[in-house]
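S.K.: One structure, pasted below without further comment.
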Amino acid sequence: MSTKDQIEKEFGPLWSGEDSVTAGDRIFTSLELKRALDLYGADIVTIDLHSLPEGLFAFRFYDGDDRCIVVFVLDRELNIVREHRAHIAEWLEEEYYKSGMEAFLADRMVGMLHRKVKGEEG
Numbered sequence: 236m237s238t239k240d241q242i243e244k245e246f247g248p249l250w251s252g253e254d255s256v257t258a259g260d261r262i263f264t265s266l267e268l269k270r271a272l273d274l275y276g277a278d279i280v281t282i283d284l285h286s287l288p289e290g291l292f293a294f295r296f297y298d299g300d301d302r303c304i305v306v307f308v309l310d311r312e313l314n315i316v317r318e319h320r321a322h323i324a325e326w327l328e329e330e331y332y333k334s335g336m337e338a339f340l341a342d343r344m345v346g347m348l349h350r351k352v353k354g355e356e357g
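Just so we're aligned: the sequence shown equals residues 236 to 357 in the working numbering.
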């Protein structure tokens with residue numbers, strides 16, 4: 236099974252998650268979580284959040300530096316207990332290789348990915 240398939244099997248399709256999650260006694264939005272994890276760069280684009288059993292939650296985002304979809308599974312103290320990474324080409328397939336310089340622009344890649352996942356024409 237590909238890493239993409241593993242990610243979607245465990246966390247659902249991209250953009251199927253929540254806007255906020257509870258960690259301990261605190262509610263985090265994706266923006267607050269980016270700040271807490273020191274992920275400030277413009278090349279870090281949030282996808283979604285998922286509440287998981289046993290007080291864990293997942294933060295799914297695009298890392299434009301590595302051109303990967305990343306999933307951090309965190310505990311209530313914001314410790315990363317698992318991490319998954321899959322290259323965006325696993326979702327975009329040939330579109331990625333035809334994207335040229337856009338491959339280095341995180342917002343463009345995420346836009347392209349969002350349209351493909353949602354079945355919209357680009």
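Think of the CB as a built atom: it goes at the ideal place given N, C-alpha and C, for glycine as much as any other residue. Small disclaimer: the values here were computed from a predicted structure and weren't measured.
#1: Going by alpha carbons, who is nearest to N314 out of R320, I304, G290 and I323?
#2: Identify the continuous alpha helix (DSSP H) that holds F307 and give its terminal residues.
#3: Smallest Cα separation from D278: which of A321, D310, G354 and R343?
#4: Would you list the one or two residues that DSSP bridges to D283?
#5: Taking 7 Å as the limit between beta carbons, can you name the residues of its chain near K239, skipping five residues before and five after?
#6: Where does Y297 land, buried or exposed, given buried means 16+ other C-beta within 10 angstroms?
#7: With distances taken from CA atoms, which of K351, S286, M236 and G276 is nearest T257?
#8: Kindly give me the distance between the Cβ atoms of F263 and V306, rounded to whole angstroms, as I take these residues to be in contact under 8 Å.
#9: Relative to the C-alpha of L309, which residue among L272, T281 and K353 is closest?
#10: Quickly, what does DSSP pair A258 with across the bridge? List them, please.
#11: Applying the criterion that 16 or more other CB atoms from any shown protein chain within 10 Å of the CB defines a buried residue, is E318 buried or exposed?
#12: On a Cα-Cα basis, can you pick out the residue from V280, S251 and G259 that is closest to S265?
M.R.: On the basis of the supplied data:
#1: G290
#2: Counting along the chain, F307 falls outside any alpha helix (DSSP H), though it belongs to the beta strand (DSSP E) covering C303 to L309.
#3: R343
#4: Under DSSP, D283 takes part in a beta bridge, and its partners are R295.
#5: For K239, where only same-chain residues beyond five positions count, the Cβ hits under 7 Å are A321, E325 and W326.
#6: Per the 10 Å Cβ criterion, buried.
#7: S286
#8: The pair is not a contact, with the Cβ atoms about 15 Å apart (cut-off 8 Å).
#9: L272
#10: R261
#11: exposed
#12: Looking at the Cα atoms, V280 is the closest of the given residues.
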